[in-house]
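Residue numbers (the working numbering): 1 to 461.
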Amino acid sequence: MRSLRNRLAFLFFAITLASIGVLYLYIAPQLESRLRDEKITQLREAAQKTVFEVAQVAGTIVPTARLEQVVRQTGDHANARLTLMRVNTIGGEPQPETVSDSASGAAALDPQIAADAARSGRTETGSQATSAGPLAVVAMPIRQDRRVTFVALYSTPTSDVEGNVAVVRGQILIAGALALALAVLAGWLVARALAQRVKRLEQAAEQVAAGDFSRPIPVDSDDELGQLARAFNDMQRQLAQLDRARKQFIATASHELRTPLFSLGGFVELLEDEELDEETRRRFLVQVRMQVERLRKLTVDLLDLSRLEAGSLELRPEPVDLSELASAVSSEFEPVLAQRDAHLEVRLTSRPVEALCDPVRVAQIMRILIDNALTHSPAGTDIVVSATRDDGYARLAVRDHGGGIERHALSQIFEPFYTSNDTQGSGLGLAIASELAERMRGRLGVESRPGRTVFTLELPA
Ligand SMILES: Nc1ncnc2c1ncn2[C@@H]1O[C@H](COP(=O)(O)OP(=O)(O)OP(=O)(O)O)[C@@H](O)[C@H]1O
Ligand SMILES: [Mg+2]
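Put into structure tokens, the structure is as follows:
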């Protein structure tokens, strides 16, 4: 019962069985009573058409043989047994008594219906069980001087109705058994086809789980399973892309780490030479310090980025005045600015610019942007930092007047390790900054043309 195949086959079986049960237990009895009613209606119509024949002779003085002949003929015309009963009234109660019977010698009829017809003066119908089988009975009152003096009792056997219904019941059972067998077979086949398709999906999922993204599932229909297969193929494609990106990331990261390490190794070897003059030794040491600094920044950046991508970097959003933050971070750059002969201006509005963000992380983004403005522009550049607020957003912009970013590079600068190689950077700065902005429900955008590059950090206010 645990397989889809068996469950579906059982469901088909149960539904068919229920339909047959309804046919057999509800429709067949209804059919039987409908047929019996039909029989009574027919008998009643025949009685209405023929009763005058017997009414003409009933109560008149005719020889018994003649009376019996009329009764027999009338019965024949109505295609039924006709029993003529006289109504005697004893103690105010009508007591019908048989005068003549077209089927003399047949089982006696219950005089109750005849008594009812005599009492009501209307045609009465009913059915009656006799030793010869069930009968449909119609009692027609015959009046003389406004008094019901006779009742013509028409009766006809209804055993054929039961016979017919029994045949129908038999047919229902035979057809039902066939339908059940078909339903189970159909259910089993349909379920088997479905199960095979589900199995294919399962095998494909196992392949993907084992790291094989090469074989997509063939999409052979537009139904739900086809859609599932299509969604699965999309997922497989995305996973393959992620997998490629991950491998590329690891390759690039290890390459980036290896370069300064090799360079460090080389300098250390050179420094071991005891005949080295003081001046050269100092130059080498400066190089060593630079490579160590590069390694330190790279490892910190890599750690930040991997934590951001894994979602494990915890942010603490709070209302922050961006103007204050911009001034504080800008002042950190005073020594570097002096070194590069650059000028940094902080433009602030008179009112505080409040945003909901993590101040430590916004400061990190600002350092990345100001550092870029300094390192990717010629010495002596002008940098403008401004904080503004409108339509529900706080915006922090860093503008420089350097050479700008080439159009084709604009879509790539936010990718990890993209760098223009004009400096010793590793290309992680903007990747980290844009991830951080998104984690704070903000956005980092860029506009650039020669002589003017603006990075704008947009944060919810
Ligand atoms: N203000 C800018 N002016 C011109 N080019 C820029 C500017 N900011 C970024 N870029 C370009 O975008 C690239 C990516 O910047 P990103 O900060 O991610 O890496 P990086 O500065 O090269 O290295 P690092 O990881 O050390 O910051 C840079 O290499 C540079 O080509
Ligand atoms: Mg940078």
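Note that beta-carbon positions come from the ideal geometry of N, C-alpha and C, so glycine has one too.
DSSP three-state assignment for residue i, whether helix, strand or coil
i: residue 393; result: strand
i: residue 121; result: coil
i: residue 171; result: helix
i: residue 234; result: helix
i: residue 69; result: helix
i: residue 214; result: coil
i: residue 335; result: helix
i: residue 61; result: coil
i: residue 382; result: strand
i: residue 108; result: coil
i: residue 413; result: coil
i: residue 142; result: strand
i: residue 458; result: strand
i: residue 321; result: strand
i: residue 85; result: strand
i: residue 198; result: helix
i: residue 276; result: coil
i: residue 445; result: strand
i: residue 30; result: helix
i: residue 469; result: The requested residue 469 does not occur in the structure, where the chain is confined to residues 1 to 461.
i: residue 418; result: coil
i: residue 151; result: strand
i: residue 134; result: strand
i: residue 351; result: coil
Residue i: CB within 7 Å of a non-hydrogen atom of ligand 1
i: residue 368; result: yes
i: residue 429; result: yes
i: residue 400; result: yes
i: residue 382; result: no
i: residue 379; result: no
i: residue 413; result: yes
i: residue 252; result: no
i: residue 304; result: no
i: residue 343; result: no
i: residue 426; result: yes
i: residue 376; result: yes
i: residue 301; result: yes
i: residue 259; result: no
i: residue 240; result: no
i: residue 419; result: yes
Same chain, Cβ closer than 8 Å to residue i, neighbours up to 5 away in sequence not counted
i: residue 13; result: 180, 183, 184 and 187
i: residue 78; result: 43, 46, 47, 49, 50 and 154
i: residue 36; result: 127, 136, 158 and 161
i: residue 233; result: 216, 217 and 219
i: residue 299; result: 257
i: residue 198; result: 4 and 225
i: residue 328; result: 363
6 Å Cβ shell around residue i - same chain, five flanking residues per side excluded
i: residue 24; result: 172
i: residue 115; result: 94 and 96
i: residue 399; result: 384 and 454
i: residue 435; result: 308
i: residue 20; result: 176
i: residue 267; result: 284, 287 and 288
i: residue 113; result: 124, 126, 137 and 139
Spatial neighbours of residue i in its chain, beta-carbon cut-off 7 Å, leaving aside the 5 residues before and after
i: residue 316; result: 358
i: residue 191; result: 4, 5, 8 and 9
i: residue 226; result: 219 and 220
i: residue 270; result: 284
i: residue 229; result: 201, 217 and 219
i: residue 236; result: 208, 213 and 216
Near ligand 2: residue i beta-carbon under 7 Å from a heavy atom
i: residue 404; result: no
i: residue 371; result: yes
i: residue 266; result: no
C-alpha gap between residue i and residue j, whole angstroms
i: residue 246; j: residue 311; result: 16 Å
i: residue 286; j: residue 433; result: 29 Å
i: residue 40; j: residue 222; result: 58 Å
i: residue 466; j: residue 27; result: The question about residue 466 has no answer here: the residues shown for the chain are numbered 1 through 461.
i: residue 409; j: residue 449; result: 12 Å
i: residue 149; j: residue 129; result: 26 Å
i: residue 413; j: residue 364; result: 17 Å
i: residue 74; j: residue 107; result: 19 Å
i: residue 445; j: residue 458; result: 8 Å
i: residue 203; j: residue 210; result: 11 Å
i: residue 248; j: residue 340; result: 35 Å
i: residue 88; j: residue 134; result: 27 Å
i: residue 293; j: residue 372; result: 17 Å
i: residue 326; j: residue 428; result: 22 Å
i: residue 397; j: residue 331; result: 16 Å
i: residue 147; j: residue 174; result: 56 Å
i: residue 52; j: residue 72; result: 14 Å
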